[in-house]
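S.K.:
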Amino acid sequence: MPLKGKLTAGKSCQITIDCSPAMPGTSAVAIVWIPKPNTSAPLPIVTSIAPGARIQQTVAVPDAQMLLVDVDLPIDGVSTMTLTVAQDATTIAIGPADSDTEWTFLVAP
Amino acid sequence: MTRRLVLLTVLLVGRAAAAQPTADAPPAAASSEDRCKAALDARGAAPVAPHCAALAVDVATAMLHASRANAGSSARLGATIAAAARQPRITDTPGAQASAGQTAAVASGEPVATAGGSVAAVGDTGQGLQLVTALAINPASIVLGETSKQSVWASRLADISIVLPLDVDSGGGGKGFRYIGGRFRLNTLAALQSAELERAVAAYQTLQPLLQALLPAITTRLESASDPGKCAAAIEDASDAAQATFCNGTVNSAALLTVATAARAALAQYREDVDRKYLSIEARFDRGDLNADMAKKDALLAGYLAAGYGLHPTADGSTLELRARAGAVYFHDGASDTSRTALYGAFGIELAVVRDLKRYSLSGALELTRQRGDGVMPPAAVAGNALRFGAAIPLDDGKVISVGVTVPLDGGESTIALSGDWSLLFGK
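Taken in sequence, the protein lines are chains A and B. Going by the numbering used here, the residue at position 59 of the first sequence is 59; the numbering climbs one at a time, nothing skipped. If you count the second sequence from 1, you need to add 109 to reach the numbering used here.
(1) For P35 (chain A), which residues does DSSP report across the bridge?
(2) Here's the rule I'm using: 16 or more other beta-carbon atoms within 10 Å means buried, otherwise exposed. How should P96 (chain A) be labelled?
(3) Evaluate L518 (chain B) with the Cβ neighbour count: other Cβ atoms within 10 Å of its Cβ, from every protein chain shown; 16 or more gives buried, anything less gives exposed.
(4) If you run the structure through DSSP and keep just helix, strand and coil, what is I199 (chain B)?
(5) Comparing the C-beta of A132 (chain B) with each C-beta of chain A, is any distance below 8 Å?
(6) Report the three-state DSSP secondary structure of G225 (chain B) (helix, strand or coil).
(7) Against P159 (chain B), what residues of chain A qualify as contacts under a CB-to-CB distance less than 9 Å, listed in chain order?
(8) In whole angstroms, what is the alpha-carbon distance linking A89 (chain A) and C13 (chain A)?
(9) What's the C-alpha gap between A41 (chain A) and A416 (chain B)?
(10) Using 8 Å as the limit for Cβ to Cβ distance, is K116 (chain A) near chain B?
(11) How many angstroms separate the CA atom of L164 (chain B) from the CA atom of L323 (chain B)?
(12) What number of angstroms, rounded off, separates the C-alpha of P2 (chain A) from the C-alpha of P220 (chain B)?
(13) Counting only Cβ pairs nearer than 7 Å, list the residues of chain A close to A306 (chain B).
(14) Within this structure, are the beta carbons of N296 (chain B) and A267 (chain B) separated by less than 8 Å?
(15) For D167 (chain B), return the contacting residues in chain A, with the cut-off set at a CB-CB distance below 7 Å.
(16) For E102 (chain A) and A312 (chain B), what's the separation of their Cα atoms in angstroms?
(17) Step through the CB atoms of chain A and report whether any lies within less than 8 Å of the CB of G419 (chain B).
(18) Are the C-beta of I34 (chain A) and some C-beta of chain B separated by less than 8 Å?
(19) Does DSSP put P325 (chain B) in a helix, in a strand, or in coil?
(20) Measure from the alpha carbon of G493 (chain B) to the alpha carbon of each residue in B:Y453, B:G338, B:G285 and B:L275, then state which is nearest.
(21) Exposed or buried, C19 (chain A), counting other C-beta atoms within 10 Å across all chains shown (16 or more means buried)?
(22) Along the chain, where does the beta strand (DSSP E) containing K386 (chain B) start, and where does it finish?
(23) Under a three-way DSSP split, which group does P96 (chain A) fall into?
(24) Counting pairs of Cβ atoms below 8 Å between the segment 21–39 of chain A and the segment 59–75 of chain A, do you hit three or more?
(25) Name the residue from B:A169, B:A214 and B:E305 whose alpha carbon lies nearest to the alpha carbon of L366 (chain B).
(26) Beta-carbon within less than 7 Å of A364 (chain B)'s beta-carbon, same chain only, minus the 5 sequence neighbours each way: which residues are those?
(27) Taking Cβ-Cβ distances below 8 Å as the criterion, which residues of the segment 56–70 of chain A are in contact with chain B?
(28) Can you find a CB in chain B that lies within less than 8 Å of the CB of A28 (chain A)?
(29) Do we get a CB-CB distance below 8 Å when we pair D98 (chain A) with the residues of chain B?
(30) If you measure between the beta carbons of L527 (chain B) and A229 (chain B), is that distance less than 8 Å?
(31) Can you find a CB in chain B that lies within less than 8 Å of the CB of A50 (chain A)?
(32) Here's the rule: buried if 16 or more other CB atoms are within 10 angstroms of the residue's CB, otherwise exposed. What is F286 (chain B)?
(33) With DSSP collapsed to three states, give me the class of M172 (chain B).
(34) State yes or no: is the beta carbon of A9 (chain A) nearer than 8 Å to at least one beta carbon in chain B?
(35) Can you give the Cα-Cα distance for F498 (chain B) and A451 (chain B), rounded to whole angstroms?
(36) Quick one: Cα of A495 (chain B) to Cα of R434 (chain B), how far?
Take a look at the structure:
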């Protein structure tokens with residue numbers, strides 16, 4: 001997956017993941033900030049998502065270099081989820097994922 | 110003259126062609142940002158600024174994606190989820206644990222996802238034929254709802270249930286409800302979260318400093334490259350020779366593959382292990398006529414510790430699970446105003462085959478009871494030393510027919526329970 005867009009540091013962003021109800025198992029997602037050199041970043045967020053469930057994380061964008069959203073799905077041909085990343089009421093990226101994938105964003109002032 | 114004209118034409122055409130930028134290689138006179146933007150466009154990435162930093166993130170993304178191809182274990186683990194780590198596991202006779210209606214050889218300590226129930230016909234209990242009805246709910250799951258981000262955690266946390274044994278044919282001792290029971294289960298492993306979660310977080314923490322150092326190094330190489338597109342490809346291919354040619358230097362990204370692969374494997378393992386084990390604290394309270402002496406003032410209190418561990422959560426959807434349960438039972442006889450206690454322990458195995466949302470299982474267990482005090486506890490309190498066998502056959506998603514047989518080791522009649530079980534599932 002190519003670079004999805006840019007997030008502005010210092011503002012909050014909203015990460016939404018909607019899992020299909022038809023999924024037979026749980027999914028897992030890791031939200032990882034890559035800090036700037038010589039700085040520290042927030043702990044990675046790792047969570048599981050039930051079939052048919054939605055998780056919505058509103059997080060402050062740190063002064064970082066990059067955001068990695070890593071998705072782990074059941075490999076069964078029916079599992080699918082929709083990812084949405086928004087900032088300031090603007091959708092930066094939205095799209096489906098039907099297999100393990102990664103979404104990345106540049107973080108800049 | 111003609112030769113001079115041809116030579117001049119060739120020179121002019123050649124200069125004009127050299128001045129024309131190609132899609133892959135913008136003019137050398139362009140700034141590094143313009144060259145990186147052209148490379149971003151060519152790669153189909155979002156052309157955000159600063160472009161060379163964005164291109165560096167895109168190169169890192171490509172390398173992270175490529176590491177999936179090498180993550181064979183991650184792919185394998187991903188495949189297992191469809192079979193082994195279902196949405197909250199569908200247990201036999203929801204809510205009927207530690208009652209005559211229990212059909213599993215060792216009752217699971219896993220709570221129901223949101224709600225469940227069972228109706229069991231139990232024969233040869235020593236007190237005639239009973240219909241044992243149980244209804245269980247998971248309060249946290251119901252309150253939070255299945256769309257909450259805590260739904261997976263809540264659906265595995267705790268449940269409460271009510272058990273109503275109805276005497277259908279008591280052999281002359283009367284019919285109807287003689288006592289009422291309550292049950293509570295708390296899965297401490299779900300409450301405390303899992304070690305796999307911590308391992309996944311730690312694995313991604315290892316990835317953070319690696320990318321933290323790698324991104325500026327890639328950005329520097331891309332900024333200095335006359336053709337950032339070719340430099341990006343050289344970095345992604347980890348080709349030192351190509352990097353030397355197109356990047357004016359090299360970036361060492363060898364560790365990224367290993368660390369990213371490990372992080373993905375940890376994430377898949379976390380997802381898979383959500384239902385692999387449980388350690389539950391259980392409580393039981395029964396009140397009424399437990400020993401069929403027509404005195405409705407009997408009471409029973411019990412506490413149990415239940416543990417289960419899946420040995421083989423494999424891609425083919427079969428599991429072999431060890432289960433154990435131990436506890437203490439206190440019984441007060443309302444008619445004689447005397448009390449008795451018993452220690453209880455059970456150990457068993459369950460073999461399950463999972464297909465889609467259906468779980469076929471066979472189980473067997475040894476159940477031991479040591480009673481203290483005068484008199485014998487009624488069968489409704491403890492079954493005594495016994496062998497137990499159970500089988501469950503799913504009919505539909507969340508709907509199961511299960512049968513349990515209890516064979517006393519100290520003599521007496523065997524007991525058979527046939528139960529219809531129902532569990533409310535997420536997304537159904």
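Just so you know, even glycine gets a beta-carbon here, dropped at the ideal spot from N, CA and C.
M.R.: From the atom records:
(1) A:A64
(2) exposed
(3) exposed
(4) coil
(5) The predicted model places A132 (chain B) with a pLDDT of 44, which falls under 50 and marks its position as unreliable, so this point remains unresolved.
(6) strand
(7) L106 and A108
(8) 9 Å
(9) 38 Å
(10) For residue 116 (chain A) there is no data in the structure shown, the boundaries of chain A being 1 and 109.
(11) 13 Å
(12) 42 Å
(13) For the sequence presented, residue 306 (chain B) should be read as Leu rather than Ala. Under the 7 Å cutoff, chain A gives V46.
(14) yes
(15) P2 and L3
(16) 16 Å
(17) no
(18) yes
(19) helix
(20) B:Y453
(21) buried
(22) K386 to G397
(23) strand
(24) yes
(25) B:A169
(26) L319
(27) Q56, Q57, Q65, M66, L68 and D70
(28) yes
(29) no
(30) yes
(31) yes
(32) exposed
(33) helix
(34) no
(35) 22 Å
(36) 14 Å
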